[in-house]
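Participant: The structure that follows is given in the form of structure tokens.
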Amino acid sequence: MELEQILKEVPESLKALTENNQNLQNVAQYCSDNYVQSLGVTRQLLTQALASVAFQINSVSESLLRLLDLQQNDLRRLESSVSLLSQSVEMHKEKVSRREIGSFTAQRRVPRGHKLLPPADPKPRPSYTRQPISFQLLDVVGHGIKVSDRSETRPGLNMLPTTFKVLW
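Position 41 (the sequence shown) corresponds to 40 in numbering that gives the first Met the number 0; numbering is contiguous.
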């Protein structure tokens, strides 16, 4: 409604400007003919005409600014609608692609058979008896330090304790 009013005001204001232009030309012609007699009248008429022109330019510019504001609001609404539609399209594409991915998956089948059962007559286990650990069984495995009671006569070995000697 306001847009229609603005669209009516703008052409009317432009028409009034055109008429004022013609009137100013008539005043200028009249003043040039009667310059000496009408200098004071000319000043008054020019002042009124310029004030009228300034007022009309102001009203036209206000109308144009309101028109631009309305168009900007319309563009914002359209942008919002387009954004909403694009989000809806993206969500739909995502749903479709997830359905396509889901079509490539295999359904997991749970076996409906009997569960595992222990054997019918299990053999009895022997009872546990504790035995001490013998670390001497591992003395021949690997390399490094060997426990011995005899001392060797190699140089540098006298610094080691007598019970540990290095094997080379």
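Beta carbons are placed, not taken as given, at the ideal position from N, Cα and C, and that holds for glycine.
Treat the numbers as computed from the prediction; the structure is a model and nothing was measured.
How far does the alpha helix (DSSP H) with residue 168 in it extend, from its first residue to its last?
Facilitator: For the chain, the structure presents residues 0 to 167; residue 168 sits outside this window and is missing.
Participant: Please report the straight-line C-alpha distance between residue 135 and residue 123, rounded to a whole angstrom.
Facilitator: Taking the sequence shown and counting its residues from 1, the one referred to as residue 135 is at position 136. Taking the sequence shown and counting its residues from 1, the one referred to as residue 123 is at position 124. About 33 Å.
Participant: If the criterion is Cβ atoms closer than 7 Å, does the pair residue 16 and residue 48 meet it?
Facilitator: As a first step, residue 16 is located in the sequence shown; it is residue number 17 there, counting from the start. As a first step, residue 48 is located in the sequence shown; it is residue number 49 there, counting from the start. No; because the gap between Cβ atoms is not below 7 Å, this pair is not in contact.
Participant: State the start and end residues of the unbroken alpha helix (DSSP H) segment that holds residue 133.
Facilitator: The residue you call residue 133 lines up with position 134 of the sequence shown. Segment: none, residue 133 is in no alpha helix (DSSP H) and carries neither H nor E.
Participant: Flag this pair as yes or no: are the beta carbons of residue 5 and residue 79 separated by less than 7 Å?
Facilitator: The sequence position of residue 5 within the sequence shown is 6, counting from 1. The sequence position of residue 79 within the sequence shown is 80, counting from 1. No; because the gap between Cβ atoms is not below 7 Å, this pair is not in contact.
Participant: Report yes if the C-beta distance between residue 69 and residue 2 is below 7 Å; otherwise report no.
Facilitator: Within the sequence shown, the letter at position 70 stands for residue 69. Within the sequence shown, the letter at position 3 stands for residue 2. Yes, the Cβ-Cβ distance between residue 69 and residue 2 is below 7 Å.
Participant: Output the distance between the C-alpha atoms of residue 132 and residue 126, rounded to the nearest integer angstrom.
Facilitator: The residue you call residue 132 lines up with position 133 of the sequence shown. The residue you call residue 126 lines up with position 127 of the sequence shown. Between the alpha carbons of residue 132 and residue 126 lies a distance of about 18 Å.
Participant: Using CA atoms only, rank isn't needed, just tell me which of 100, 12, 112 is closest to residue 51.
Facilitator: As a first step, residue 51 must be located in the sequence shown, where it is residue number 52. Closest by alpha carbon: 12.
Participant: Are the CB atoms of residue 44 and residue 59 within a distance shorter than 7 Å?
Facilitator: As a working mapping, residue 59 is identified with position 60 in the sequence shown. As a working mapping, residue 44 is identified with position 45 in the sequence shown. Contact: no.
Participant: In whole angstroms, what is the alpha-carbon distance linking residue 187 and residue 76?
Facilitator: Because the chain spans 0 through 167 in this model, residue 187 falls outside it and cannot be assessed.
Participant: In three-state terms, what does DSSP make of residue 179?
Facilitator: Missing from the structure shown is residue 179; the chain here goes from 0 to 167 and no further.
Participant: Please determine, among 0, 108, 114, 19, the residue with the shortest C-alpha to C-alpha distance to residue 54.
Facilitator: In the sequence shown, residue 54 corresponds to position 55, counting from 1. Nearest of 0, 108, 114, 19 to residue 54, Cα basis: 19.
Participant: Going by DSSP in three states, residue 10 sits in which element: helix, strand or coil?
Facilitator: For this step, residue 10 is matched to residue 11 along the sequence shown. Residue 10: helix per DSSP, three-state reduction.
Participant: So the candidates are 28, 67, 73; which of them puts its Cα closest to the Cα of residue 9?
Facilitator: Numbered from 1 along the sequence shown, position 10 holds the residue referred to as residue 9. Per the Cα distances, 67.
Participant: According to DSSP, is residue 17 part of a helix, a strand, or is it coil?
Facilitator: Counting from one through the sequence shown, the residue named residue 17 turns up at place 18. Note: residue 17 maps to helix in three-state DSSP.
Participant: Determine the direct distance from the alpha carbon of residue 118 to that of residue 110, and round the result to whole angstroms.
Facilitator: By one-based count along the sequence shown, residue 110 stands at place 111. By one-based count along the sequence shown, residue 118 stands at place 119. Between residue 110 and residue 118, the C-alpha separation is close to 21 Å.
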